[in-house]
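Numbering (the numbering used here), first residue to last: 9 to 374.
Structure, rendered in structure tokens:
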């Protein structure tokens, strides 16, 4: 209807509307073959509580959906919101928003590293010390008689170098790996070549925390109908003066649409989406920035997309090609999360350990 709807209202009004419909169906005998008389009574009681229905099993709104006027002291009972009718809630754009947090990866409780997600990688680098060679770009991955040889260039000095080892765990995103000289077996090269990547775009703004001070929003997501898709509110440093508002988070085709436009136009679209959700607040936005994964040189995409016909390639890349073992988010069923990448790498390390143990036993017992 052109007005933003809080998710709490969309979710609870949907429960109420659906509960009323199901109660009507039961009372009209539409489910007599599926429910016994006793179960019908129990189901109606459940629906009344689940949907917050009136005694005559009608949905007339619920305080669960929020208030037009908040309750207060003495006689200030508050005024609950008018319910959003089912016709609005059946819009397909509403479903994704209402069901998003029901997906396994989005369920509470979720933790976040202090200082940002890259703190995890930085912590690994700190512990590993000189083992990590920052600023080194791999130029070739080759087999040797005894294992592997990895050629690389120091991007700061331009110096070329190489290291040799018995094994190599290749964690480079497949889209990037496609452009590196490698002598993998033909089937592996074909599998790597055929995998496509989805794009993603994020845009962020600095702003006064109007969402907290004026609207009592402390973290969470708002959804838009346009290509900006989502707004994310910060859940750190609550009540501070300013914060970083994620003004767009788009994936796939919507990300491609955003990334194809000049940056000023992208920022205009993000600003308009925020204005639609928070009228009058877009003028407080400042210092925008945008990131498109497809344009990040060592990613070239947000997440690998194995099609239904590519299950064979996925399985193949989860097996070693001689001394080469593969790992990354692209080889995990978890998807584009650090957890999937770490578990995949851990699996590859365990496979190498097992291979060495078997090889050593064979050498000891010819």
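Glycine included, every Cβ here is placed at the ideal spot set by N, Cα and C.
Here residue 351 really is in contact with residue 342; their C-beta atoms are around 7 angstroms apart, less than 8 angstroms. By the neighbour-count definition (other C-beta atoms within 10 Å, threshold 16), residue 34 is a buried residue. The residues 143, in chain order, have a CB closer than 6 angstroms to that of residue 164 in the same chain once the five nearest residues on each side in sequence are set aside. When DSSP assignments are scanned along the segment 60-100, the uninterrupted stretches of beta strand (DSSP E) that are 3 or more residues long and fall wholly within it turn out to be 75-77. Look at residue 345 here: in three-state DSSP terms it is coil, with no helix or strand label. DSSP links residue 294 through a beta bridge to 214. Membership of residue 254 in the beta strand (DSSP E) is indicated by the continuous run 250-259. Taken through DSSP and simplified to helix, strand or coil, residue 278 comes out as helix. Taking C-beta atoms under 8 angstroms as the contact rule, residue 258 and residue 266 qualify, at a distance of about 5 angstroms. DSSP, read as helix, strand or coil, puts residue 147 in strand. Looking at the DSSP output, residue 241 bridges to 228.
Cβ neighbours of residue 336 within its own chain (closer than 7 angstroms, five residues either side excluded): 179, 181, 349, 352.
Minimum Cα-Cα distance from residue 27 among the listed residues 10, 280, 63 corresponds to 63.
Note on the segment 147-218: whole alpha helix (DSSP H) runs with a minimum of 4 residues are 182-185, 194-202, in chain order. In terms of CA proximity to residue 290, 239 leads the group 16, 128, 239. Going by DSSP, residue 311 is part of the beta strand (DSSP E) stretching over 311-313. By the criterion of a C-beta distance shorter than 6 angstroms, residue 275 is surrounded in its chain by 296, once the five residues flanking it on both sides are discounted.
Residue 104 sits in a helix when the DSSP states are folded into three classes.
Around the beta-carbon of residue 273, fewer than 16 other beta-carbon atoms lie within 10 Å, marking it exposed.
By the CB criterion at 8 angstroms, residue 25 and residue 58 fall outside the cutoff. Judged by their CB atoms, residue 156 and residue 310 are not nearer to each other than the 8 angstroms cut-off. In this structure, the beta-carbon distance from residue 207 to residue 256 does not fall below 8 angstroms. Residues of the same chain with a CB within less than 7 angstroms of the CB of residue 328, apart from the 5 flanking positions on each side, are 359 in chain order.
Across the structure, residue 199 and residue 277 are spaced so that their CA atoms are roughly 37 angstroms apart. Per DSSP, residue 58 is not a residue of any beta strand (DSSP E); the alpha helix (DSSP H) it occupies stretches across 45-58. When DSSP states are grouped into helix, strand and coil, residue 333 belongs to the strand group. DSSP places residue 319 in the uninterrupted alpha helix (DSSP H) bounded by 319-325. Boundaries of the alpha helix (DSSP H) around residue 16: 15-35. Within its own chain, the residues whose Cβ lies closer than 6 angstroms to the Cβ of residue 76, once the five positions on either side in sequence are excluded, are 87, 89, listed in chain order. With a contact defined as Cβ atoms closer than 8 angstroms, residue 219 and residue 225 qualify at about 4 angstroms.
Following the DSSP letters along the chain, one finds residue 132 inside the alpha helix (DSSP H) bounded by residues 126-136.
In this structure, the beta-carbon distance from residue 209 to residue 300 falls below 8 angstroms. With distances taken between CA atoms, residue 212 lies nearest to 251 out of 32, 251, 166. Under the three-state reduction of DSSP output, residue 233 falls in the coil class, being neither helix nor strand. DSSP places residue 366 within a helical segment (H, G or I) once states are collapsed to three.
Rounded to the nearest angstrom, the gap between the Cα atoms of residue 176 and residue 319 is 24 angstroms.
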